[in-house]
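Written out below as structure tokens is the structure these notes cover.
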Ligand SMILES: NC(=O)c1ccc[n+]([C@@H]2O[C@H](COP(=O)([O-])OP(=O)(O)OC[C@H]3O[C@@H](n4cnc5c(N)ncnc54)[C@H](OP(=O)(O)O)[C@@H]3O)[C@@H](O)[C@H]2O)c1
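Numbering (full-length UniProt numbering), first residue to last: 1 to 310.
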């Protein structure tokens, strides 16, 4: 049996939808069944409740599980949450953990979350369990966070200058995770996965304009301006500072501009261009979809977890 953690989150729910699409049985770990009603619609998905920080709550979730896809929220508790879970999984007889992190994962990274992912990865490598690392680039869904100003000002505002990034469609990542979880031979391997093109923010704006049939501009802003907007949206100061470091690294070129199609090729997945993602989400970018209209006055932070398809 396979268990997916963080199943009610943005990434985890995309994974669950892929398992449902494939008609493959899977257990979905959620903290609250009441908040995960959307997952109950899938007949091949078994919802299990538990808290990854509290091993005593995980017995049912881990019973009979051989492989796990390890995901939790990108917050300051991430290392504690995932390392506690790794110990619990090992004690319960899990054999193999596939850890989702990011392309910039490194113990030396100045970006807090890349370091945290690296710490967890190191812990997993030392655990004695079989491991596989799935490392996606920036998700294409990140641009849906910019919907408020795209709708009101036909522009989005970021401090990335002319840096290029390689946004990946979460559906591609979910397809990769499905293969890694359901086929043998991936132990001890790292899979980097990105979108098929390196795009500047001006090019992303052009793709959104084409998809929506309405001109959208990219406007470069200062780090200070970005931090002000994030603070006003209620983001914790330590996260604001971490994202500021990430922006600086992106401007300098930290490897996120490198296209990684080796995982698509190895696992037989067609890479989704950003243009296709933008067309699929045209109504979201225009603010006319049910998802966009359900966001409170289209004010940040938007809830990407409620996207019916990521
Ligand atoms: N954004 C990007 O471009 C990008 C790129 C590459 C990698 N990543 C990585 O992707 C990962 C997943 O992100 P996401 O956006 O899917 O996060 P998310 O929407 O916050 O989802 C995380 C899920 O983990 C669950 N969770 C957190 N703590 C838990 C605990 N103690 N016990 C049980 N469940 C717990 C949450 O449960 P609740 O629903 O109960 O809160 C939530 O459903 C992050 O590690 C991030 O670093 C992001």
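Just so you know, even glycine gets a beta-carbon here, dropped at the ideal spot from N, CA and C.
beta-carbon residue i near ligand 1 non-hydrogen atom, thresh 7 Å
i: residue 53; result: yes
i: residue 31; result: yes
i: residue 142; result: yes
i: residue 109; result: no
i: residue 182; result: no
i: residue 73; result: yes
i: residue 301; result: no
i: residue 90; result: no
i: residue 102; result: yes
i: residue 78; result: yes
i: residue 285; result: no
i: residue 305; result: yes
i: residue 166; result: no
i: residue 81; result: yes
i: residue 93; result: no
i: residue 11; result: yes
i: residue 139; result: yes
i: residue 382; result: With the chain represented from 1 up to 310, any question about residue 382 goes unanswered, as that position is not in the structure.
i: residue 99; result: no
i: residue 175; result: no
i: residue 159; result: no
i: residue 113; result: yes
i: residue 35; result: yes
i: residue 136; result: yes
Close beta carbons around residue i, own chain, < 6 Å, minus the five adjacent residues each side
i: residue 28; result: 4, 7, 16, 39, 45, 47
i: residue 301; result: 233
i: residue 263; result: 176, 191, 193
i: residue 81; result: 52, 53, 72
i: residue 42; result: 20
i: residue 169; result: 140, 272, 277
i: residue 114; result: 104, 105, 106
i: residue 220; result: 161
i: residue 245; result: 110, 111
i: residue 88; result: 55, 58
Residue-chain proximity (residue i, chain C), Cβ-Cβ < 8 Å
i: residue 207; result: No chain C appears in the structure shown, which is made up of a single protein chain.
Alpha helix (DSSP H) segment containing residue i, residue limits
i: residue 71; result: No alpha helix (DSSP H) holds residue 71; DSSP gives it neither H nor E.
i: residue 192; result: No alpha helix (DSSP H) contains residue 192, which is instead part of the beta strand (DSSP E) from 189–193.
i: residue 3; result: Segment 2–4 is the beta strand (DSSP E) holding residue 3; no alpha helix (DSSP H) there.
i: residue 212; result: 201–212
i: residue 250; result: 237–252
i: residue 305; result: Neither: residue 305 is in no alpha helix (DSSP H) and is coded neither H nor E.
i: residue 256; result: Segment: none, residue 256 is in no alpha helix (DSSP H) and carries neither H nor E.
i: residue 232; result: 223–232
Enclosing beta strand (DSSP E) for residue i [first to last residue]
i: residue 219; result: 217–220
Proximity test, residue i beta-carbon vs ligand 3 heavy atom, cut-off 7 Å
i: residue 6; result: For the structure depicted, ligand 3 is absent and the ligand set comprises only ligand 1.
Spatial neighbours of residue i in its chain, beta-carbon cut-off 8 Å, leaving aside the 5 residues before and after
i: residue 198; result: 164, 165, 166, 257, 258, 259
i: residue 238; result: 76, 112
i: residue 280; result: 309
i: residue 298; result: 147, 148, 151, 152, 287, 292
i: residue 95; result: 66, 67, 129, 130
i: residue 57; result: 49, 50, 51
i: residue 98; result: 67, 68, 69, 70, 131, 132, 133, 134, 177, 180, 181, 186
i: residue 86; result: 70, 97, 120, 123, 124, 127, 129
i: residue 18; result: 171, 174, 175, 177, 178
Neighbourhood of residue i by C-beta distance below 7 Å, restricted to the same chain and skipping five residues each side
i: residue 274; result: 140, 167, 195, 197, 199, 204, 207
i: residue 61; result: 3, 27, 29, 48, 50
i: residue 202; result: 218
i: residue 316; result: Any answer about residue 316 is impossible in this case: the structure gives the chain only from 1 up to 310.
i: residue 227; result: 240, 244
i: residue 254; result: 104
In chain order, each alpha helix (DSSP H) run of at least 4 residues that lies wholly inside the stretch 17–66: The alpha helix (DSSP H) runs lying completely inside the stretch 17–66 and spanning 4 residues or more are 59–62, given in chain order.
Taking only runs that begin and end inside the stretch 119–175, name each unbroken beta strand (DSSP E) of 3 or more residues, in chain order. If only uninterrupted beta strand (DSSP E) runs of at least 3 residues are considered, those enclosed by the stretch 119–175 are 130–136, 155–158.
Uninterrupted alpha helix (DSSP H) stretches inside the stretch 258–297 (no shorter than 4 residues): Secondary structure in the stretch 258–297: the alpha helix (DSSP H) runs of 4 residues or longer, each lying completely within the stretch, are 262–267, 274–280, 282–286, 290–294 in chain order.
Output the residue ranges of the alpha helix (DSSP H) runs that lie fully inside the stretch 84–111 and measure 4 residues or longer, sorted by chain position. If we require 4 residues or more, the stretch 84–111 turns out to have no alpha helix (DSSP H) run fully inside it.
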